[in-house]
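Q:
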Amino acid sequence: MIDDNGEIEEEVRVKNANLDEIAQKYAGGEAALEATSNYFTIYDTLDEYLDVTLANPLKANWLANQKQKNDRVDAKKLARFLRMDEVPESYVPPEELRKYRALARGRKKLTNKKNDFQNEVHALLDQQGITHTGSLWSDEGREFLAELTLEEPWQFLLDQWLEAIDEFDMKITRSQRKIETIAKELEEMDILTSVPGIAAYSGLMIYGEIGEIDRFDRANELVSYAGLDPVVRESGDSRTEGSISKQCNKYLRWILGQAAKTAVHNCKDPYLSEFYWRLRDGKNKPAKVALVATARKLLVSLYHMLTNEEVYDPPEVSA
Numbered sequence: 001m002i003d004d005n006g007e008i009e010e011e012v013r014v015k016n017a018n019l020d021e022i023a024q025k026y027a028g029g030e031a032a033l034e035a036t037s038n039y040f041t042i043y044d045t046l047d048e049y050l051d052v053t054l055a056n057p058l059k060a061n062w063l064a065n066q067k068q069k070n071d072r073v074d075a076k077k078l079a080r081f082l083r084m085d086e087v088p089e090s091y092v093p094p095e096e097l098r099k100y101r102a103l104a105r106g107r108k109k110l111t112n113k114k115n116d117f118q119n120e121v122h123a124l125l126d127q128q129g130i131t132h133t134g135s136l137w138s139d140e141g142r143e144f145l146a147e148l149t150l151e152e153p154w155q156f157l158l159d160q161w162l163e164a165i166d167e168f169d170m171k172i173t174r175s176q177r178k179i180e181t182i183a184k185e186l187e188e189m190d191i192l193t194s195v196p197g198i199a200a201y202s203g204l205m206i207y208g209e210i211g212e213i214d215r216f217d218r219a220n221e222l223v224s225y226a227g228l229d230p231v232v233r234e235s236g237d238s239r240t241e242g243s244i245s246k247q248c249n250k251y252l253r254w255i256l257g258q259a260a261k262t263a264v265h266n267c268k269d270p271y272l273s274e275f276y277w278r279l280r281d282g283k284n285k286p287a288k289v290a291l292v293a294t295a296r297k298l299l300v301s302l303y304h305m306l307t308n309e310e311v312y313d314p315p316e317v318s319a
């Protein structure tokens, strides 16, 4: 805690303190905290009495570029930079949006865990010199796995991995049902799911990760937030564009890539497909580059759809 002159008034270790009492004592003042995995509870408690800024460590060099983290030093820096109004701010979603984020991210984590065990099965078969044409996770593939008889402990391990995969399948199914129930209650989902390639899960993740659309003044700001804009380096009269930015909302970038891939390869949406294949065939761009560009185009469309509260209605593609 520092006063108007920048002098330290008090130092409190939050872990041992009553946050409500601290917030009430300094009610009407300002507070800053670093964006960490457990910031919501602290933010909400302080926000009852203080004007709270959530610092973005990726944009605060004095927080990110430290060889050794020191909470006491960081606290002083946060206070002093807040006093100078130089704390780069992170977005704090409302409570409802936090729930949507948690649910969609939770389903993704379940899928990631399932994929880990699927990879274990592939590795085990590879170690045993066993091959199978086609997907192991189709009905035919699962029959092939069920008929295998391996020496111990490989058979035991295979059975363990397959049981885990089946358990995660059940958890993912329950999570998906919950998501679909919630999606039916949200007006924004009607807009998002009007796009070929976006369903309940992808739509809820996109909505939760974007948050309130009016916090972005332009589509380019949202594109930057998703990390789908190229890194630009300028020096004198030269200007070069590199790979896409890594400082972004990784969940939003990932789900947009999945949605763009589905729209092009599964749904064959004319608008996005024409754009993708023009880059692939017409300009000889690699598939990954074309997909990122398509995801960016999709996001720009989503920005205008959510801003204007309109469903997907792209321009017609000439034959």
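Under the UniProt record's numbering, the first residue of the sequence shown carries the number 1, and numbering increases by one thereafter. Backbone N, C-alpha and C fix where the C-beta goes; we use that ideal spot for every residue, glycine too. Computed from a predicted model, the values in this text were never measured in an experiment.
Taking the alpha-carbon positions, what's the A146 to N115 distance?
A: A146 and N115: Cα-Cα distance of roughly 19 Å.
Q: Using the three-state DSSP reduction, which class does L19 fall into: helix, strand or coil?
A: helix
Q: Return helix, strand or coil for A60, following the three-state DSSP convention.
A: coil
Q: At 4 residues or longer, what runs of the alpha helix (DSSP H) sit wholly inside the stretch 91 to 136?
A: 95 to 127
Q: When you compare only the Cα positions, how much space is there between N284 and Y225?
A: 28 Å
Q: Once the 5 residues before and after residue 326 are set aside, which same chain residues still bring their CB inside 8 Å of it?
A: As shown, the chain starts at 1 and ends at 319. That puts residue 326 outside it, with no answer to give.
Q: Taking only three categories from DSSP, how would you classify V87?
A: coil
Q: Report the option in A183, Y312 and E209 whose CA atom is closest to the CA atom of L302.
A: Y312
Q: May I ask you to list the residues that DSSP assigns as paired with L272?
A: L272 pairs with nothing; no bridge assigned.
Q: Check this for me: beta carbons of I107 and Y201, under 8 Å apart or not?
A: According to the sequence shown, residue 107 is Arg rather than Ile. Yes, the pair counts as a contact, with Cβ atoms nearer than the cut-off.
Q: Starting from T53, trace the beta strand (DSSP E) in both directions and tell me its first and last residue.
A: D51 to A55
Q: Is DSSP giving L186 helix, strand or coil here?
A: L186 falls in the coil class under three-state DSSP.
Q: For Y39, which residues in the same chain have their Cβ closer than 7 Å to its Cβ, ignoring the five residues on either side in sequence?
A: Around Y39, the same chain offers L33 and L54 as residues with beta carbons nearer than 7 Å, after the five sequence neighbours per side are excluded.
Q: What would DSSP say about A32, mapped onto helix, strand or coil?
A: The answer is strand: DSSP assigns A32 an E or B state.
Q: Return the Cβ separation of L46 and L19 in integer angstroms, given the expectation that the two are a contact with Cβ distance under 8 Å.
A: 7 Å
Q: Just the Cα atoms here: how many angstroms apart are E11 and M1?
A: Going from the Cα of E11 to the Cα of M1 covers about 6 Å.
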